[in-house]
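There are 4 protein chains.
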Amino acid sequence: MENEVKVLDNGFARLVDFVGGDRSAATSARISTMTKGDEKDDAKLVRYLIKMKHGTPFEHSYFTFYIKCPLLVARQWFRHRISSYNEMSMRYVLADRDYYVPADLTDSQKERYVAAVENSFDTYEELVQDELRKELARGVLPVSTYTQFYWTVNARALMNFLDLRLDIAAQYEIREYAKVLHGFFLDKMPYTAQAFEDLILGNLETPRTEKDL
Amino acid sequence: MENEVKVLDNGFARLVDFVGGDRSAATSARISTMTKGDEKDDAKLVRYLIKMKHGTPFEHSYFTFYIKCPLLVARQWFRHRISSYNEMSMRYVLADRDYYVPADLTDSQKERYVAAVENSFDTYEELVQDELRKELARGVLPVSTYTQFYWTVNARALMNFLDLRLDIAAQYEIREYAKVLHGFFLDKMPYTAQAFEDLILGNLETPRTEKDL
Amino acid sequence: MENEVKVLDNGFARLVDFVGGDRSAATSARISTMTKGDEKDDAKLVRYLIKMKHGTPFEHSYFTFYIKCPLLVARQWFRHRISSYNEMSMRYVLADRDYYVPADLTDSQKERYVAAVENSFDTYEELVQDELRKELARGVLPVSTYTQFYWTVNARALMNFLDLRLDIAAQYEIREYAKVLHGFFLDKMPYTAQAFEDLILGNLETPRTEKDL
Amino acid sequence: MENEVKVLDNGFARLVDFVGGDRSAATSARISTMTKGDEKDDAKLVRYLIKMKHGTPFEHSYFTFYIKCPLLVARQWFRHRISSYNEMSMRYVLADRDYYVPADLTDSQKERYVAAVENSFDTYEELVQDELRKELARGVLPVSTYTQFYWTVNARALMNFLDLRLDIAAQYEIREYAKVLHGFFLDKMPYTAQAFEDLILGNLETPRTEKDL
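Residue numbers (our numbering), protein chains in the order written: chain A, 515 to 727; chain B, 515 to 727; chain C, 515 to 727; chain D, 515 to 727.
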C-alpha cells in the first residue's frame, strides 16, 4: 500500500509514522500470564482479545496520519477525543481557494454551489487585503474549505473510529477517509484488523439498528 | 449571576447543571489523610492543592453548559478533549440564517462580509429546496454560522480551558465565552476560582512568553 | 435503595453524589436534531442510543461513589481510567488492622491466611512504633488490606465498568461491588440501565467467548 | 544510555519502543502556520511550545517502557491515566518470592521486615499448594512484592509524570524510577527534555509550596 492515498476530490490520507503491530499487541497481552508465546499464535490471541473486549494490548500501537479533508469532515473527526491533533490554523495561514465539491450534485446544483463558494473566497481575499485580520475574515469561508492536520491514534481508538465511521449511518465523506485508514490498518496490523472486521464490523451494509448486539 | 449570559452578537452561555463545589474538592482531598477538616479551612486547602498541582480533587465537580457560538469558536472549543459534547447536527437540522459578524469591522468590510454570508445562505436554502441533502448543502455555509451544544466538564479541565482561553494569545471571540464561564466558576466554586486566579492565571495582560514560569 | 450497601466481609459502596439522569441523556441527544421530545419517549430514545453506540449523551450524568474495598480489588478498579479517584494514602495514614478474608476458605486455609495477615500487621505496627516511616513500613502489609476512595464516573464509563466487571470472567470480589453499583445505576437511570442490560450485558452466565458478537 | 537500567534493589526500567522525537514535535507544531522550518530551529521552537503550554505537539511521540517495580510503587504509577498499561496478573501467575526491601532500614527493622514478608510468602505458597485459587491466596502477599508491566505514554503525559514524580514531595521509591525515565527522555528528545527541565521542573530541591508559580 502506498503511503499517501487520495480521498474525495482534493484530499488525502498519508501514513507518517507507525510503532507497534500485531506482535506488540500479543506480547503485551501475554505479560498477564508471563508467557512468551509463539509468533504463530499471535493471530489467535489478538482474535481472543477482541472477542473478550480486552482493549489495552492494542494501545501500544500508534499510527500518525497526515490528513487533508474538508472542514465539515474535520468537525466530525475531531469528536474522537482519545487521540492527538495538530491542525493548520486559519488564524495564521491565508486559506487557499481549495474546497470540496460533492461528486453527485446535478449540474445546476454544482453551478450554484461553486458560485457561492467562489464568491465567499473572493470576499475573504478582499477583506484580508483590506487588512482585516485573517482570524476574522475567515468568518465568510465555507465549511467545504480544505484543512490539514496530523492525527496520532492508537490501534484501539482507531478501531473505535472505524467502527463508527465505516458504518452505513456515517456521512459518505468521512467514510471515504475511514476506508483508507482501514487499508493502512490492515497493512500494518493484519491479524488485528482481520479480527476486528470479523467480530466487530460485521456486515457493513446492514444498519446497526437491525443488528443483533 | 444569571443562568444565561449573552456573548458576542447572538450567542450565549447557560449553566444547565452543576454538582460538587469547594466543599467536595476539600472533602475528597482530605481522604488522603482520612481527616474531616472544618469548612472554614476549605479555602486554604484548595489553594494548597492548586499550588501543589493536585488536580484530582477538582474532578468531582462537574458543570454542564449549553453554549451557542459561531462554528469558528466551536472548532477551537472542541479541541478540549477531557470533557463531553453533544451538538446540533447540520446533517439533520436546517441551519438558521444566524451568523456572527465581528463588531470591529469597518462599514465597508461589514457590508462585504454580510453580503457574502447572506449569499451563502441563499444558495444553501436553494440547494436544500432543490432536495440536495442538508449534509451536502451545508458545504457552502460559512464558519461564522452559529451552532449550539451541551458541554460537560469537570472543574480541573475547566481551569485548563480558562487558563488557555482567557489568555491574551487566545482569539477575542472565544475569550468572551471564557470570561462568562469564569464568572460561573467564581459563582459556584469561589475558593477554587480565586486560588486559580491568583496562582495560575496571574496577570492576563502580560503575554505568557514574558512570564516567569 | 439505601445510599450505602455492604460488600464482602467489611467493605461497602456508598452513593455520594449524582447529577443527570435518563432525562439529561435524552435531552442532550435531542440537540442533534434540535427537537424537544416528550419525557415519555425517553426510554425508547436511550435504547436507540445504546444500540447505535452513541455514548456521548450518557457523559452528562455523573455518579460519585465512596468505596471501601481490599487493595487487591482497588488495583483492578483503578485500571478504569476514564473516571476520577481520590484515595486514602498509607504514606500518611496508619493502616487499620482491617483486611479481607475470602468466605470460601476451608477452616485450615482460613487459619493460616489470618495468621499470616495478623503477623504482617504486627510487624507493621512494630516498625511504625520503631519510627520507620509509614510509607516504608507498609511494605509488609498484605494486599487484602482495606482501602477507601472517592470515585466519580459518568454513566458511559460506568456501563463500560459494569460490562467488564459483572462478567463471569471477572474476579468474584470486584463483581460483588459491580453488582451494587449496578443497583445504584438502575435506581438513578432506570431506562438507560435497562437498555444496557438488554443490549450489552445479555446473559451474564454465558462466557463472553461463547457469545455471538 | 543502555536500554535497561536497574532501579531499587531488584527492579528495572527498560525502553522497549519509541516513535517521534524533537523533530516530530517541531514539525507537527509548524503545521499551524504551514511552515517547514529548519531542524536547527527545533530547539527554540519546542522551548516556546513548552513556555506557551502548547502540549499537543508532544503527543505524537510515544515511549513504551517495560517496568519492574514493587506493588506499592505500581499503585502510585497507575494513577497516571493518560497512558496505557498491561501488567502481569497474580490471578494467573504464581508470584515469585521477589520483594522490595528499603535500603535504609536499621538491622533490627530489616530483620523483622524480611521475616514478616517471608512468612507471608510461605503461607501464600502453602495455600496455593492446598489448591486455593491464586487470585485468593494472593490476599496475604505484601505490597512490597514486585510486579511487571508495559507502559506506553506520550511525551506530554511523560512530562506530567516527571513533574509530579521527580518532585521532592514524591516518595523516594517512585522518584528513583522517574529519574531513569528522565534519562531516557533526555536521550530520545534532548531539546524537549532540556526545555522541560528549565521551564517546568526548575530547582527540584525547593519544595513546590515555596516556589513562585
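Heads up, the beta-carbon is just placed ideally off N, CA and C, and yes, glycines get one too.
Computed from a prediction, not measured in an experiment: that's the story for all the values here.
Counted within 10 angstroms of its Cβ, other Cβ atoms place residue i as buried (16 or more) or exposed
i      : result
B:Y599 : buried
C:L608 : exposed
A:L718 : exposed
B:D536 : buried
A:A707 : buried
A:P721 : exposed
C:M634 : Here the sequence assigns Ser to residue 634 of chain C, which means Met is not the residue at that position. Per the 10 Å Cβ criterion, buried.
A:K582 : buried
C:Y664 : buried
B:D556 : buried
C:I564 : buried
C:A771 : In this structure chain C extends from 515 to 727, so residue 771 of chain C is not present and cannot be described.
B:A588 : buried
D:K554 : exposed
Residue range of the unbroken alpha helix (DSSP H) whose run includes residue i
i      : result
C:R561 : 556-565
D:I688 : 686-702
C:S542 : 536-544
Contacts that residue i makes with chain B (C-beta to C-beta distance below 7 angstroms)
i      : result
A:R605 : Q685
Residue i in three-state terms, based on DSSP
i      : result
D:D531 : strand
D:A617 : coil
B:G525 : strand
D:S597 : coil
B:K648 : helix
A:K550 : coil
C:V519 : strand
B:P656 : strand
B:D677 : helix
B:Y606 : coil
D:A671 : helix
D:N717 : coil
D:F635 : helix
B:D612 : coil
C:A683 : coil
A:F572 : helix
Proximal chain D residues relative to residue i, where beta-carbon distance stays under 8 angstroms
i      : result
A:G525 : Those do not exist, as A:G525 stays about 15 angstroms from chain D at its closest Cβ, beyond 8 angstroms.
A:H574 : D531, T578, S598, N600, Y664, T666
C:Y769 : The displayed coordinates of chain C run from 515 to 727. Any statement about residue 769 of chain C would go beyond what the structure contains.
Beta-carbon neighbours of residue i, restricted to chain B and to distances below 8 angstroms
i      : result
D:R722 : K565, M566, K567
A:R611 : Those do not exist, as A:R611 stays about 14 angstroms from chain B at its closest Cβ, beyond 8 angstroms.
A:L522 : None at all; the shortest Cβ gap to chain B is about 11 angstroms.
A:S658 : G653, V654
Contacts of residue i in chain A (Cβ-Cβ under 7 angstroms)
i      : result
B:A814 : The requested residue 814 of chain B is not part of the displayed model; chain B covers only 515 to 727.
Chain-ordered neighbours of residue i on chain A, where CB pairs are closer than 9 angstroms
i      : result
D:A543 : N600
B:R593 : F592, Y599, E601
Proximal chain C residues relative to residue i, where beta-carbon distance stays under 9 angstroms
i      : result
B:T547 : M602, S603, Y606, V607
Chain A residues whose Cβ lies nearer than 8 angstroms to that of residue i
i      : result
D:T570 : S598, Y599, N600
Under 7 angstroms by beta carbon: chain C residues contacting residue i
i      : result
D:Y562 : Chain C residues near D:Y562: none, gap ~31 angstroms exceeds 7 angstroms.
D:Q623 : L641, D644, L646
Span of the beta strand (DSSP E) around residue i
i      : result
C:F579 : 576-584
B:F663 : 660-668
Within chain D, the residues that residue i reaches when beta carbons sit closer than 9 angstroms
i      : result
C:Y627 : T637, L641, L646, L650, A651, G653, V654
Under 9 angstroms from the C-beta of residue i: neighbouring residues of chain B
i      : result
C:G551 : Within chain B, no residue comes near C:G551; the closest Cβ sits about 13 angstroms away, beyond 9 angstroms.
A:L619 : L641, L646, L650
With 7 angstroms as the limit, tell me which residues of the region 632-656 of chain D have their beta carbon closer than that to any beta carbon of chain C; keep them in chain order. N633, S634, T637, E640, L641, D644, L646, E649, L650, R652, G653, V654, L655, P656
Between the region 670-694 of chain A and chain C, which residues of the former have CB atoms less than 8 angstroms from a CB of the latter, in chain order? Along the region 670-694 of chain A, going in chain order, the ones with a CB nearer than 8 angstroms to a CB of chain C are D677, L678, A683.
Chain-ordered residues of the region 697-717 of chain D with a beta carbon less than 9 angstroms from chain A: none
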